[in-house]
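Per the numbering used here, residue 25 is the first one in the sequence shown, and the count goes up by one each step.
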Amino acid sequence: MDAHGVEDEVKETPKTFVVYQNYPNPFHPRTAIRFDLPEAGDVRVEVFNLLGEKVATLYEGFMSAGVGKTLRWDAVGFPSGVYFYRVSLNSRYVEVKKMVLVK
Numbered sequence: 025m026d027a028h029g030v031e032d033e034v035k036e037t038p039k040t041f042v043v044y045q046n047y048p049n050p051f052h053p054r055t056a057i058r059f060d061l062p063e064a065g066d067v068r069v070e071v072f073n074l075l076g077e078k079v080a081t082l083y084e085g086f087m088s089a090g091v092g093k094t095l096r097w098d099a100v101g102f103p104s105g106v107y108f109y110r111v112s113l114n115s116r117y118v119e120v121k122k123m124v125l126v127k
């Protein structure tokens with residue numbers, strides 16, 4: 025785990041940008057968001073509610089390329105419901121996934 029709380033699963037460079045389904049899902053109250061970065065660059069990981077309002081920024085900054093980058097979201101204090109997480113790399117690669125928080 026680096027100073028920003030990002031875990032690297034394997035020290036290799038993937039060929040494609042991939043965002044995996046969070047685990048566990050549904051979750052209570054913590055979940056992990058995993059992704060692969062084919063190149064180093066500016067990464068942003070944000071969480072949105074059903075209305076499209078940003079409720080959390082999990083990461084914003086530079087990140088090296090690699091497989092199995094993992095961030096954890098502690099949703100204590102957030103209401104049950106459907107949320108979306110968006111992972112973007114260099115504003116070129118963007119992927120959105122749905123997750124469900126149950127209390």
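Glycine is no exception: its CB is placed at the ideal position from the N, C-alpha and C atoms.
Between residue 95 and residue 71, what straight-line distance do the alpha-carbon atoms span, to the nearest angstrom? Rounded to whole angstroms, residue 95 to residue 71 spans 12 Å at the Cα level.
For a quick check, are the C-beta atoms of residue 97 and residue 58 less than 8 Å apart? Taking 8 Å as the Cβ cut-off, residue 97 and residue 58 do not qualify as a contacting pair.
For residue 37, the nearest candidate out of 102, 93, 124 (CA to CA): Across the set 102, 93, 124, the C-alpha of 93 shows the shortest separation from the C-alpha of residue 37.
Give the straight-line distance between the Cα atoms of residue 84 and residue 67, rounded to the nearest whole angstrom. Cα-Cα distance, rounded: 6 Å.
Residues sharing a beta bridge with residue 56, DSSP: Bridge partners of residue 56 according to DSSP: 47, 96.
I'd like the span of the beta strand (DSSP E) that includes residue 65, first residue to last. Taken as a continuous stretch (DSSP letters only), the beta strand (DSSP E) holding residue 65 covers 65-72.
Suppose the cutoff is 8 Å on Cβ atoms and the five residues either side in sequence are ignored; what does the same chain contact list for residue 64 look like? Counting only Cβ-Cβ distances below 8 Å, and skipping sequence neighbours, we find 86, 87, 88, 89.
On a CA-only basis, which of 76, 80, 121 is nearest residue 102? Give me that one, please. Of the candidates 76, 80, 121, the one whose C-alpha sits nearest the C-alpha of residue 102 is 80.
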